[in-house]
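Peer 1: Using our numbering, the first residue of the sequence shown is number 49, and each one after it goes up by one.
Note that the Cβ used here is the ideal one computed from N, Cα and C, for glycine as well.
From a predicted model like this one, the values you see are computed outputs, not experimental measurements.
Handing you a structure now.
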Amino acid sequence: MLPAMPNRSGRMLSPARLVFVASSTGLGALALHTAARGELGVAEIAALSVSWYAVATTGVLFPRLEMYGPIISAGPSGSMRVALTFDDGPNPLTTRRVLEALGPTRHRATFFVLGMKARRHPDVLREIHAGGHTLGVHGDRHDRLHSFRMPWTVREEILSAARAVEVATGVRPRFFRPPLGHTSVTTVRGARRAGVTLVSWSSRGYDGMRGRSPEAVVERVERTLTDGAIVMLHDAAEHDDFEPAAVRALPLLLAVLDRRGLTSVGLDALLGAADHTAVREGSDGSRRIFSRRRSSAK
Ligand SMILES: [Zn+2]
Numbered sequence: 049m050l051p052a053m054p055n056r057s058g059r060m061l062s063p064a065r066l067v068f069v070a071s072s073t074g075l076g077a078l079a080l081h082t083a084a085r086g087e088l089g090v091a092e093i094a095a096l097s098v099s100w101y102a103v104a105t106t107g108v109l110f111p112r113l114e115m116y117g118p119i120i121s122a123g124p125s126g127s128m129r130v131a132l133t134f135d136d137g138p139n140p141l142t143t144r145r146v147l148e149a150l151g152p153t154r155h156r157a158t159f160f161v162l163g164m165k166a167r168r169h170p171d172v173l174r175e176i177h178a179g180g181h182t183l184g185v186h187g188d189r190h191d192r193l194h195s196f197r198m199p200w201t202v203r204e205e206i207l208s209a210a211r212a213v214e215v216a217t218g219v220r221p222r223f224f225r226p227p228l229g230h231t232s233v234t235t236v237r238g239a240r241r242a243g244v245t246l247v248s249w250s251s252r253g254y255d256g257m258r259g260r261s262p263e264a265v266v267e268r269v270e271r272t273l274t275d276g277a278i279v280m281l282h283d284a285a286e287h288d289d290f291e292p293a294a295v296r297a298l299p300l301l302l303a304v305l306d307r308r309g310l311t312s313v314g315l316d317a318l319l320g321a322a323d324h325t326a327v328r329e330g331s332d333g334s335r336r337i338f339s340r341r342r343s344s345a346k
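Now the structure itself:
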């Protein structure tokens, strides 16, 4: 991959961001040029729009490209640590099964919870926290169109989910994984305004699909599991209507980690608070966490 380049504020620009800016500028210039020659018809506008949307959508669907800003998809390698992460809970049945499987082991995980479910099951949140695991937020409801929402709506969704976690456990979540992982320019702005760090993944089990077998989940994760990996799994189904395959796959997955000498830790431990975030005091005394790209981008 091409090296990331620093911008004026010292933040790194990903190659995908450069492609996005260059293609937006290029297509804009082409539109002006075509218009100046009096040739900008409906067909030309459609072709230019399709080209721009193709580039923009690639950035939304593949958050690891970091087209719209900093998103963490893996931790540093070298310490044989990974982060197992679980989305779409809490659910009183399936989340508790995940907690039972992790409990007696040395492995800890991160749970990206939905505010709506968190308010219904604060007791499960307290059990996650008491088990030594990390809590992040996944939005208030599972809004599949959230990447089209305005930054202030994204911020509100994050803050109301974070409030639910804080009311139940006393802990303020610092990490946000958008529903489906879709990340647009407004997602990045909303997350920044809410003071949370955006997190995607480097390995996933596709366990959120009904009918998936635990063996297929393990096989898929094992193939993409590296030192420093962030693994995306589910402790609940989006609509709580089935048990995600990761729940039964978890003991097998933990055995894979043990065999490979890897330990799962919470995201805060994997990423190291001082390493990837900077806390700034606002003039009103509010604390905001700003993510900062690691200098050794990989
Ligand atoms: Zn989800």
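Identify which residue in 305, 133, 78, 225 has its Cα closest to the Cα of residue 163.
Peer 2: The shortest C-alpha separation from residue 163 is found at 225.
Peer 1: Rounding to the nearest angstrom, what Cα-Cα distance links residue 151 and residue 179 in this structure?
Peer 2: For residue 151 and residue 179, the distance between alpha carbons rounds to 7 Å.
Peer 1: What residues match up with residue 4 in a beta bridge as DSSP calls it?
Peer 2: Past the edges of the chain, shown from 49 to 346, lies residue 4, and the structure says nothing about it.
Peer 1: Between residue 211 and residue 204, what straight-line distance do the alpha-carbon atoms span, to the nearest angstrom?
Peer 2: Between residue 211 and residue 204, the C-alpha separation is close to 10 Å.
Peer 1: For the beta strand (DSSP E) that residue 228 lies in, which residues bound it at each end?
Peer 2: No beta strand (DSSP E) holds residue 228; DSSP gives it neither H nor E.
Peer 1: Can you list, in chain order, the residues of its chain whose CB lies under 6 Å from that of residue 49, leaving out five sequence neighbours each side?
Peer 2: Here residue 49 scores only 39 on pLDDT, less than 50, and its place in the model is too uncertain to base an answer on.
Peer 1: Residues bridged to residue 161 by DSSP?
Peer 2: BP columns for residue 161 point to 185.
Peer 1: Is the region 295–314 close to the region 255–263, with three or more CB pairs under 8 Å?
Peer 2: Segments in contact, yes.
Peer 1: What does the alpha-carbon distance come out to for the pair residue 305 and residue 132?
Peer 2: For residue 305 and residue 132, the distance between alpha carbons rounds to 10 Å.
Peer 1: Helix, strand or coil for residue 131? Go by DSSP, reduced to three states.
Peer 2: Here residue 131 sits in strand by DSSP.
Peer 1: Report the option in 264, 244, 120 whose CA atom is closest to the CA atom of residue 293.
Peer 2: It is 264 whose Cα lies nearest to the Cα of residue 293.
Peer 1: If you draw a straight line from the alpha carbon of residue 214 to that of residue 109, how long is it in whole angstroms?
Peer 2: Distance between the alpha carbons of residue 214 and residue 109 is about 30 Å.
Peer 1: Can you give me the Cβ contacts of residue 219 inside the same chain, cut-off strictly under 7 Å, excluding the 5 residues immediately before and after it?
Peer 2: Only 177, 183, 213 meet the Cβ criterion.
Peer 1: Hey, quick one: how far does the beta strand (DSSP E) through residue 281 stretch, first residue to last?
Peer 2: From DSSP, the beta strand (DSSP E) with residue 281 extends over 278–282.
Peer 1: Just mark residue 141 as buried or exposed, buried being the case when its beta carbon has 16 or more other beta carbons within 10 Å.
Peer 2: Residue 141 should be labelled exposed.
Peer 1: Below 8 Å on the Cβ atoms is my contact criterion, and I expect residue 75 with residue 88 to pass it. Report the Cβ-Cβ distance as a whole number of Å.
Peer 2: In fact, because the Cβ distance is near 12 Å, the residues do not count as touching under 8 Å.
Peer 1: Residue 168 by DSSP, collapsed to three states: which one?
Peer 2: Residue state, collapsed to three classes: helix.
Peer 1: What does the alpha-carbon distance come out to for the pair residue 62 and residue 315?
Peer 2: Residue 62 and residue 315: Cα-Cα distance of roughly 22 Å.
Peer 1: Residues bridged to residue 120 by DSSP?
Peer 2: Bridge partners of residue 120: 247.
Peer 1: Is residue 205 close to ligand 1? I mean its beta-carbon at under 8 Å from any heavy atom of the ligand.
Peer 2: No.
Peer 1: Classify residue 128: buried if its beta carbon has 16 or more other beta carbons within 10 angstroms, exposed otherwise.
Peer 2: Residue 128 is exposed by the Cβ-count criterion.
Peer 1: Does any heavy atom of ligand 1 sit closer than 8 Å to the C-beta of residue 253?
Peer 2: Residue 253 Cβ: outside cutoff for every heavy atom of ligand 1.
Peer 1: By the three-class DSSP mapping on this structure, what secondary structure does residue 311 have?
Peer 2: Residue 311: strand per DSSP, three-state reduction.
Peer 1: I'd like to know if the region 264–275 and the region 110–121 are in contact, where contact means that at least 3 CB-CB pairs between them fall below 8 Å.
Peer 2: Because the criterion of three Cβ pairs below 8 Å is not met, the region 264–275 and the region 110–121 do not touch.
Peer 1: Under 9 Å between the Cβ atoms of residue 280 and residue 248?
Peer 2: Taking 9 Å as the Cβ cut-off, residue 280 and residue 248 qualify as a contacting pair.
Peer 1: Within the same chain, show all residues whose beta-carbon is closer than 6 Å to that of residue 318, passing over the 5 residues directly before and after it, in chain order.
Peer 2: Same-chain partners within the cutoff: 123, 129, 131.
Peer 1: CB-CB under 7 Å to residue 135, same chain, minus the five flanking residues each way: which ones, in chain order?
Peer 2: For residue 135, where only same-chain residues beyond five positions count, the Cβ hits under 7 Å are 160, 186, 225, 280, 282.
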